[in-house]
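Contents: one structure, followed by commentary.
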Amino acid sequence: MEYLFGPVLSRRLGLSMGVDLLRHKTCNMDCIYCELGRTGCLSCRRERFVPLQELLQEIREKRNEPFDYLTFAGSGEPTLSQDLGRAVAFAKRTVSAPVAVITNSSLLVSPAVRREVAAADVVLPSLDAASPAVFQKIDRPAQGLKIEEIIQGIKQFRREFSGEIWLEVMLVAGINDHEADLIARVAESTEPDRIQLNTVIRRPAEPVLPLSEEEMLRMLEIFPGAELIPDWDWRVPADISKRILESLSSTLCTLEEICRLHHLSSIDAIKYCKILENDGLITRRIIEGKLCFQSSKDRAAETEQAAEK
Ligand code: SF4
Numbered sequence: 019m020e021y022l023f024g025p026v027l028s029r030r031l032g033l034s035m036g037v038d039l040l041r042h043k044t045c046n047m048d049c050i051y052c053e054l055g056r057t058g059c060l061s062c063r064r065e066r067f068v069p070l071q072e073l074l075q076e077i078r079e080k081r082n083e084p085f086d087y088l089t090f091a092g093s094g095e096p097t098l099s100q101d102l103g104r105a106v107a108f109a110k111r112t113v114s115a116p117v118a119v120i121t122n123s124s125l126l127v128s129p130a131v132r133r134e135v136a137a138a139d140v141v142l143p144s145l146d147a148a149s150p151a152v153f154q155k156i157d158r159p160a161q162g163l164k165i166e167e168i169i170q171g172i173k174q175f176r177r178e179f180s181g182e183i184w185l186e187v188m189l190v191a192g193i194n195d196h197e198a199d200l201i202a203r204v205a206e207s208t209e210p211d212r213i214q215l216n217t218v219i220r221r222p223a224e225p226v227l228p229l230s231e232e233e234m235l236r237m238l239e240i241f242p243g244a245e246l247i248p249d250w251d252w253r254v255p256a257d258i259s260k261r262i263l264e265s266l267s268s269t270l271c272t273l274e275e276i277c278r279l280h281h282l283s284s285i286d287a288i289k290y291c292k293i294l295e296n297d298g299l300i301t302r303r304i305i306e307g308k309l310c311f312q313s314s315k316d317r318a319a320e321t322e323q324a325a326e327k
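The sequence shown begins at 19 in this note's numbering and counts up by one.
This is the structure we're talking about:
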């Protein structure tokens with residue numbers, strides 16, 4: 019059983035190695051925009067969902083793989099796992115990359131959960147509403163969850179946590195955009211290091227609509243100091259694509275070499291390689307713990323030669 023997934027290209031975290039402490043779609047909310055589909059069983063009960071020792075062993079085995087963040091996320095709300103604290107603390111001791119936790123913020127009201135999450139380097143809580151009515155409409159929470167208490171939980175977490183907090187606000191057309199002013203004021207009052215605005219991009223649980231690009235840009239006036247979560251431009255500039263493919267035509271390069279050769283930041287290099295990989299032009303390999311790329315033709319030829327031996 020695999021409890022780690024990726025590394026995947028995350029719009030917020032670059033190359034992210036995910037850790038999934040849950041069984042599929044375990045959550046205390048049933049957000050209308052959720053890309054995992056509907057939540058079958060809404061529950062706020064913290065439980066053990068996967069064998070902890072096996073999960074820790076997998077973290078140990080993958081600790082040298084290249085990634086920018088080890089990220090607790092996955093099949094629902096990670097704070098519902100009663101093993102979160104032990105797993106995050108273990109990851110901090112074991113992995114050199116920073117550790118991130120993505121949460122819907124609901125359980126930050128609990129001092130125990132705040133302590134467990136605070137072992138991470140970066141916490142990415144979300145806040146989609148400022149009023150109870152919009153909270154019900156967009157997040158469809160489990161019984162007993164109250165938006166006022168969740169906001170207090172985020173504020174209290176800020177007082178206790180000295181790491182980075184990147185607060186995500188998901189904006190859905192006609193659902194919560196009319197209270198953007200209020201959400202902006204509340205978001206600001208929780209004093210995050212960054213406020214990141216998002217809209218529906220992946221297939222949502224319900225047929226809801228994203229805000230347009232112009233509307234998202236207008237949101238930046240309502241949320242001063244916020245940033246838009248970047249949407250990848252799924253094209254590689256022609257000259258860069260040509261240069262990368264040429265450099266990989268007969269040799270294999272590490273990601274660092276690709277950055278150096280083509281004067282690219284690691285995030286751009288990852289992004290471009292991922293797109294070329296999706297297009298079937300290059301192939302990734304992990305060699306001695308390093309992320310490398312080579313042309314797909316070379317890789318196919320190697321595999322063929324190996325099969326003939
Ligand atoms: S909190 Fe996250 S996992 Fe849970 S329903 Fe909402 S978007 Fe999906």
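Glycine included, each C-beta is placed from N, C-alpha and C at the ideal position.
Secondary structure of residue i, DSSP reduced to three states
{"i": "Val117", "result": "strand"}
{"i": "Thr112", "result": "helix"}
{"i": "Asn216", "result": "strand"}
{"i": "Cys310", "result": "strand"}
{"i": "Phe175", "result": "helix"}
{"i": "Phe67", "result": "coil"}
{"i": "Ser284", "result": "helix"}
{"i": "Pro143", "result": "strand"}
Nearest neighbour of residue i, chosen from the options [CA to CA]
{"i": "Val226", "options": "Leu189, Arg177, Leu74", "result": "Leu189"}
{"i": "His281", "options": "Ser313, Gln312, Leu263, Ile258", "result": "Ile258"}
{"i": "Ala148", "options": "Glu20, Arg203, Leu273, Ala137", "result": "Arg203"}
{"i": "Ile120", "options": "Arg56, Gly171, Thr97, Leu60", "result": "Thr97"}
{"i": "Glu76", "options": "Ile165, Lys260, Val37", "result": "Val37"}
{"i": "Cys310", "options": "Lys80, Glu209, Thr301", "result": "Thr301"}
{"i": "Gly162", "options": "Leu185, Met47, Leu294, Asn296", "result": "Met47"}
{"i": "Ile183", "options": "Pro143, Ser207, Leu215", "result": "Pro143"}
{"i": "Leu294", "options": "Pro210, Lys260, Lys155", "result": "Lys260"}
{"i": "Ile213", "options": "Phe241, Thr57, Ala191", "result": "Phe241"}
Own chain partners of residue i with C-beta closer than 8 Å, once the 5 adjacent residues on each side are dropped
{"i": "Pro248", "result": "Arg29"}
{"i": "Phe179", "result": "Arg132, Val135, Ala136, Val141"}
{"i": "Glu53", "result": "Arg220, Arg221, Pro222, Ala223"}
Residue burial classification, residue i (beta-carbon count within 10 angstroms, cutoff 16)
{"i": "Thr269", "result": "exposed"}
{"i": "Glu322", "result": "exposed"}
{"i": "Ile304", "result": "exposed"}
Cutoff 7 Å; reference residue i; Cβ partners in own chain excluding five residues on either side
{"i": "Val68", "result": "Tyr21, Leu39"}
{"i": "Phe153", "result": "Ala147, Pro159, Ile165"}
Close beta carbons around residue i, own chain, < 6 Å, minus the five adjacent residues each side
{"i": "Leu70", "result": "Asp101"}
{"i": "Glu167", "result": "Val127"}
{"i": "Arg41", "result": "Phe67"}
Per DSSP, the bridge partner or partners of residue i
{"i": "Ile300", "result": "Ser313"}
{"i": "Ala13", "result": "The structure shown does not extend to residue 13, since the chain is modelled only from 19 to 327, so the question has no answer here."}
{"i": "Gly32", "result": "Ser28"}
8 Å Cβ cutoff, residue i in contact with chain B
{"i": "Asn216", "result": "Chain labels in this structure do not include chain B; a single protein chain is all it has."}
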